[in-house]
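Report on one structure; see the data block that follows.
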Amino acid sequence: MGELVTLNQRVVKIKFYLNQTAQNIIEIGKELTAAKNEVPHGEWLNWLDNNFGMTVYTAARFMKVADRFSNLTTSANFNSSQMFEMLALPAGETEKFIEQKKAEGKAVEDMTVKTLREEVSKYKADYKKEKEKVENLFADNGRLQAKFDAADKLVNKYHVERDILQKKLENQKPITIEPADYQQLKKARVQLQNKIDALQKELQNKTVEVVTPADYDATKKELARLQAEQSEMVQRMEVFQNLSTIATLIEYVIKSPSNAGIQDFKREHPEEFGKMCAAFLDFTDSFYKE
């Protein structure tokens, strides 16, 4: 356990560090921070003034330096003015600023107070822009998230309402709506179908009776006889026609003064002469057949 330090001893240590180099500023800040927690409430301003002639603003800067640089390995490289200038940097950006300047070939410990103040001011401006971008992104993300949440609520509401309706439909009995005369028509259809079935059955059991007239065979024979006579008559008519043609030829030959008449007729009427010869041959064939 460390040695207990009284408030009076802290006064001595702070005065000692004030008379030392600027590197002791960190130690001054640490002691002031510890002393502020021990000074009675409401006595801090008087305590600073009575012991060191120091304002609250100056004490706050010492304590802020201790908070910023006590854990930095490079803090020993800076003087008090450089440390105080870098207090203007955003919280948590001091070490990043130091490393960035070193990478750019602008070591902080080599800068004048004026140059360092300009670099800090530029860094703060850039930091502010980036911060605004990030804040805008977060704001946009927040708006999108709000829209998503609203849409998600609507979807959930839809699912709930759908489930309720689905359960109602599952429990709902189907309702049958029929015309006023439906049952009457249905009954009539059944009766009609029964009649059709009965008629079909009756037709299946019916036998077709073929009645042959008593004179059917005699009539059939008489028809055949008449058809034969008709055919014979036609043949006789053809014979009589041939005889007529031959008679015409014979008459022509008889009236002719000589046989020259036949030759003249053959020469002048070859087609008619051929017909007469053919008729004569047919007649003689039919005559011998008979």
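Numbering (this note's numbering), first residue to last: 11 to 300. Each residue gets a CB set at the ideal place from its N, CA and C atoms; glycine is no exception.
Measuring only the C-alpha atoms, how far is residue i from residue j?
{"i": "Q110", "j": "A117", "result": "9 Å"}
{"i": "E232", "j": "D207", "result": "48 Å"}
{"i": "V165", "j": "E180", "result": "22 Å"}
{"i": "K276", "j": "C287", "result": "11 Å"}
{"i": "W57", "j": "N47", "result": "12 Å"}
{"i": "K205", "j": "K197", "result": "13 Å"}
{"i": "M121", "j": "D59", "result": "33 Å"}
{"i": "Q251", "j": "F290", "result": "11 Å"}
{"i": "V144", "j": "R78", "result": "24 Å"}
{"i": "F283", "j": "R235", "result": "38 Å"}
{"i": "R127", "j": "N18", "result": "37 Å"}
{"i": "V200", "j": "K177", "result": "40 Å"}
{"i": "F107", "j": "Y137", "result": "10 Å"}
{"i": "A149", "j": "H169", "result": "30 Å"}
{"i": "G63", "j": "N34", "result": "18 Å"}
{"i": "M96", "j": "V49", "result": "29 Å"}
{"i": "E281", "j": "D292", "result": "17 Å"}
{"i": "K157", "j": "E171", "result": "21 Å"}
{"i": "V22", "j": "A98", "result": "30 Å"}
{"i": "R246", "j": "T258", "result": "18 Å"}
{"i": "D173", "j": "K163", "result": "15 Å"}
{"i": "H51", "j": "T16", "result": "17 Å"}
{"i": "K211", "j": "K230", "result": "38 Å"}
{"i": "V130", "j": "R153", "result": "34 Å"}
{"i": "A160", "j": "L175", "result": "22 Å"}
{"i": "P223", "j": "Q203", "result": "40 Å"}
{"i": "F94", "j": "T84", "result": "15 Å"}
{"i": "A135", "j": "K167", "result": "47 Å"}
{"i": "N215", "j": "Y226", "result": "29 Å"}
{"i": "S241", "j": "V249", "result": "13 Å"}
{"i": "P189", "j": "Q155", "result": "56 Å"}
{"i": "D239", "j": "A228", "result": "Looking at the sequence itself, residue 239 is Glu, so the reference to Asp does not match. Their backbone Cα atoms lie some 17 Å apart in a straight line."}
Less than 8 Å between the CB atoms is what I'm expecting for residue i and residue j, so what's the real figure, rounded?
{"i": "L55", "j": "V66", "result": "6 Å"}
{"i": "A45", "j": "R71", "result": "Their Cβ separation, rounded to whole angstroms, is 15 Å, which puts A45 and R71 out of contact at 8 Å."}
{"i": "Q92", "j": "E119", "result": "7 Å"}
How would you label residue i, buried or exposed, when you count the other beta carbons within 10 angstroms and need 16 or more for buried?
{"i": "K124", "result": "exposed"}
{"i": "A86", "result": "exposed"}
{"i": "M73", "result": "buried"}
{"i": "T104", "result": "buried"}
{"i": "F88", "result": "buried"}
{"i": "A76", "result": "buried"}
{"i": "E142", "result": "exposed"}
{"i": "Y192", "result": "exposed"}
{"i": "K40", "result": "buried"}
{"i": "V244", "result": "exposed"}
{"i": "Y133", "result": "buried"}
{"i": "L213", "result": "exposed"}
{"i": "L14", "result": "exposed"}
{"i": "L195", "result": "exposed"}
{"i": "L209", "result": "exposed"}
{"i": "L147", "result": "exposed"}
Taking residue i as the reference, which of the options has the closest Cα?
{"i": "I38", "options": "E53, Q245 and S90", "result": "S90"}
{"i": "N61", "options": "F26, E95 and D120", "result": "F26"}
{"i": "E140", "options": "K157, K112 and P100", "result": "P100"}
{"i": "I24", "options": "L202, A69 and N151", "result": "A69"}
{"i": "S254", "options": "A190, V49 and K285", "result": "K285"}
{"i": "I36", "options": "S80, V49 and V15", "result": "S80"}
Should residue i be listed as close to the ligand FAD, given that the test is whether its C-beta is under 7 Å from any heavy atom?
{"i": "W57", "result": "Summarising the ligand content, the structure contains no ligands, and the ligand FAD is consequently not present."}
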